[in-house]
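Asks: Numbered continuously in our numbering, the sequence shown closes out at residue 51.
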Amino acid sequence: MVWRRSQRADGSRPSTTTRLLAVLVAVSLLALSAPVVVPVVGWFLDVLAWVVDLL
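(1) Rounded to whole angstroms, what is the Cα-Cα separation between M(-3) and V34?
(2) Could you have a look at L17 and say whether DSSP puts it in helix, strand or coil?
(3) Using a Cβ-Cβ cutoff of less than 7 Å, which residues in the same chain neighbour L50 once the five nearest sequence positions on both sides are dropped?
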């Protein structure tokens, strides 16, 4: 079942607060990494286009 995946080893389900905190941390990490990831992706696409041009 789907809800079983969210259970901890001891059988208790993580609280809503814990989930909210985890989501907040994930979102803030994504926001912090976005300025780094976006130029890298753009550079990768440039290189890819250059390689395709060579072929």
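Ideal placement from N, C-alpha and C gives every residue a C-beta, glycine not left out.
Replies: Reading off the structure:
(1) Per-residue confidence for M(-3) stands at a pLDDT of 46, beneath the threshold of 50, marking its modelled position as unreliable; the derived number appears in the next sentence. Distance between the alpha carbons of M(-3) and V34: 37 Å.
(2) helix
(3) none
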